[in-house]
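S.K.: To start, I am sharing the structure in question, which I have written as structure tokens.
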Amino acid sequence: MELFFKYLQYEKRFSPHTIISYQTDLQQFQSYLKEAYELEDISVADHAIIRSWVVTLVQKEFDSRTIHRKIASLRSYFKFLMQQGKIESNPTVRIKAPKLAKKLPAFIPEDAFTQLLDQSEFSDDYKGQREKLILELLYGTGMRLAELTNLKLEDLNLSANTLKVLGKGNKERILPLNSSLVIALEKYIQKRQAAFPNNNSSFLFVTDKEAPLYPKYVYRVVKKHMSSVSTAIKNSPHVLRHSFATHLLNRGADLGAIKDLLGHASLAATQVYTHNSIEKLKAVFEKAHPKA
1 MELFFKYLQY EKRFSPHTII SYQTDLQQFQ SYLKEAYELE DISVADHAII RSWVVTLVQK
61 EFDSRTIHRK IASLRSYFKF LMQQGKIESN PTVRIKAPKL AKKLPAFIPE DAFTQLLDQS
121 EFSDDYKGQR EKLILELLYG TGMRLAELTN LKLEDLNLSA NTLKVLGKGN KERILPLNSS
181 LVIALEKYIQ KRQAAFPNNN SSFLFVTDKE APLYPKYVYR VVKKHMSSVS TAIKNSPHVL
241 RHSFATHLLN RGADLGAIKD LLGHASLAAT QVYTHNSIEK LKAVFEKAHP KA
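Sequence positions in the sequence shown follow UniProt numbering and run 1 to 292.
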């Protein structure tokens, strides 16, 4: 199994977050094998055993998306075992996952982010400007959480109003910055240099102990400030990414351009945002059309 995780890290170039998900899923299945069948080795599991595990997950009321991910993790592992010549066939091939409920991406209203910045009190020191910049970058660029925490000072090109991010699969992309975001970055960097004059870290964001920023801190910042303007949705960094994409689409941005900004591998992943825009169009139609 350790060889599989190294394969995901070095050959597939999966993010640390994704690899942790794979580890969790396989360890959960391994625990199930021990408890239900007194088996130690995952490779001996057959179709019937895997199907019984899926049934157990459904009975425990796991979210359908979570079950899909766990099956995908298991399927990838068995595929890897076949490539290594450890097994002859993949027992997950005929496993059917529960149907996914159609879930539209959650987003905040267009004026809510401005309201968030107006209502929140950001101190003028390094910590306050760090919190403000985290929010502005997530909403202003649509970048992922992992992309934010991995930003380096060398990734910034403030004279060209752009920054470089390293996305999934180690794919680089260039993101444009609006003028207010450039000003926020310049102010933050000044505060960072004043707070840590001897810090040689290449990371844009560092903690109060001068270590690279960690995901839980970003979650806390987003939840703290977004709760003042939105209590109806889950306040997470990804909501700001969804909001970025939805608001661009609502204002007529090309779907292909949004795909490139988000770093999606295919247009299919971006098309989910069109559903939110269609719902907005329906509301306008029903309110304004005489025959609606």
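A virtual CB, placed ideally from N, CA and C, is assigned to each residue, including glycine. If you're wondering where the values come from, they're calculated on a predicted model, not measured in any experiment.
Under 8 Å between C-beta atoms, does VAL182 make it to chain D?
M.R.: Reference to chain D is not applicable here, since this structure consists of a single protein chain.
S.K.: Looking at the secondary structure, which residues open and close the alpha helix (DSSP H) in which THR24 lies?
M.R.: Here the alpha helix (DSSP H) through THR24 covers 16-37.
S.K.: Quick check on the DSSP output: the alpha helix (DSSP H) that includes ILE49 runs from which residue to which?
M.R.: Taken as a continuous stretch (DSSP letters only), the alpha helix (DSSP H) holding ILE49 covers 47-59.
S.K.: Bridge partners for LYS203 per DSSP, in chain order?
M.R.: It should be noted that the sequence gives Phe, not Lys, for residue 203. According to DSSP, which records beta bridges pairwise, PHE203 is partnered with LYS152.
S.K.: Would you kindly report the start and end of the unbroken alpha helix (DSSP H) that includes ARG173?
M.R.: Counting along the chain, ARG173 falls outside any alpha helix (DSSP H), though it belongs to the beta strand (DSSP E) covering 172-176.
S.K.: Assuming GLN271 and LEU249 are in contact, meaning their beta carbons sit under 8 Å apart, how far apart are those beta carbons, in whole angstroms?
M.R.: Wrong, their Cβ atoms sit about 10 Å apart, outside the cutoff.
S.K.: Look up PRO215 in the DSSP assignment and say whether it is helix, strand or coil.
M.R.: Note: PRO215 maps to helix in three-state DSSP.
S.K.: Between the beta-carbon of GLY169 and the beta-carbon of LEU261, is there less than 8 Å?
M.R.: The answer is no: Cβ separation not under 8 Å.
S.K.: Output the boundary residues of the alpha helix (DSSP H) element that contains LEU158.
M.R.: Run containing LEU158: none; DSSP gives neither H nor E here.
S.K.: Once the 5 residues before and after LEU100 are set aside, which same chain residues still bring their CB inside 8 Å of it?
M.R.: The residues are SER64, ARG65, HIS68.
S.K.: For LEU166, which beta-bridge partners are listed by DSSP?
M.R.: Its beta-bridge partners are GLU172.
S.K.: Taking 8 Å as the cut-off, does the segment 281-290 touch the segment 144-163 (at least 3 CB pairs, one atom from each stretch)?
M.R.: As far as the Cβ criterion goes, the segment 144-163 does not touch the segment 281-290, which means the pair count is below three.
S.K.: With distances taken from CA atoms, which of LEU81, GLU38, LYS96 is nearest SER89?
M.R.: When each option's Cα is compared against that of SER89, the closest is LEU81.
S.K.: Can you tell me whether SER236 is helix, strand or coil according to DSSP?
M.R.: The answer is coil: DSSP assigns SER236 none of H, G, I, E or B.
S.K.: Check each candidate in VAL221, PRO197, VAL222, ARG220 and name the one with the smallest Cα separation from GLU210.
M.R.: Answer by Cα proximity: PRO197.
S.K.: State the CB to CB distance for the pair SER43 and LYS86, rounded to an integer number of angstroms; the pair is presumed to be in contact (CB under 8 Å).
M.R.: About 6 Å; that satisfies the 8 Å criterion.
S.K.: Assuming THR114 is part of the alpha helix (DSSP H), what are its boundary residues?
M.R.: Note, THR114: alpha helix (DSSP H), 112-119.
S.K.: Contact check, VAL218 vs LEU148 under 8 Å by CB: the rounded distance?
M.R.: Contact flag correct, Cβ pair sits at about 7 Å.
S.K.: Given that a residue counts as buried once 16 or more other Cβ atoms are within 10 Å of its Cβ, and exposed if not, what is SER15?
M.R.: Buried.
S.K.: At the level of alpha carbons, what is the spacing between SER227 and ILE49?
M.R.: Each residue's Cα considered, the two are about 44 Å apart.
S.K.: Which residue from ARG192, GLU131, LEU151, THR246 puts its Cα closest to that of PHE107?
M.R.: Looking at the Cα atoms, THR246 is the closest of the given residues.
S.K.: So is residue 325 buried or exposed if we call it buried at 16+ other beta carbons inside 10 Å?
M.R.: Here the chain comprises residues numbered 1 to 292, so residue 325 is not present and cannot be evaluated.
S.K.: What do you get for SER52, buried or exposed, if any count of 16 or more other CB atoms within 10 angstroms of its CB means buried?
M.R.: Counting Cβ neighbours within 10 Å, SER52 comes out exposed, since fewer than 16 surround it.
S.K.: If I'm right that ILE71 touches THR92 with Cβ under 8 Å, what's the distance once you round it to whole angstroms?
M.R.: Yes, ILE71 and THR92 are in contact; Cβ-Cβ is about 7 Å, under 8 Å.
S.K.: Near TYR188, what residues of its chain come up, given a Cβ to Cβ distance below 7 Å and the 5 sequence neighbours on each side ignored?
M.R.: GLN129, ARG130, LEU133.
S.K.: Let's test the definition: count the other Cβ atoms within 10 Å of the Cβ of LYS223 and tell me whether it reaches 16, buried, or not, exposed.
M.R.: Exposed: under 16 other Cβ atoms inside 10 Å.
S.K.: Quick check: the Cα distance between GLN27 and TYR214, rounded to an integer number of angstroms?
M.R.: One C-alpha to the other measures close to 24 Å.
S.K.: Enumerate in chain order the residues of its own chain whose CB-to-CB distance from SER236 is below 7 Å, with the five nearest sequence positions on each side excluded.
M.R.: Same-chain partners within the cutoff: TYR219, VAL222.
S.K.: The alpha helix (DSSP H) with HIS264 in it runs from where to where?
M.R.: Run containing HIS264: none; DSSP gives neither H nor E here.
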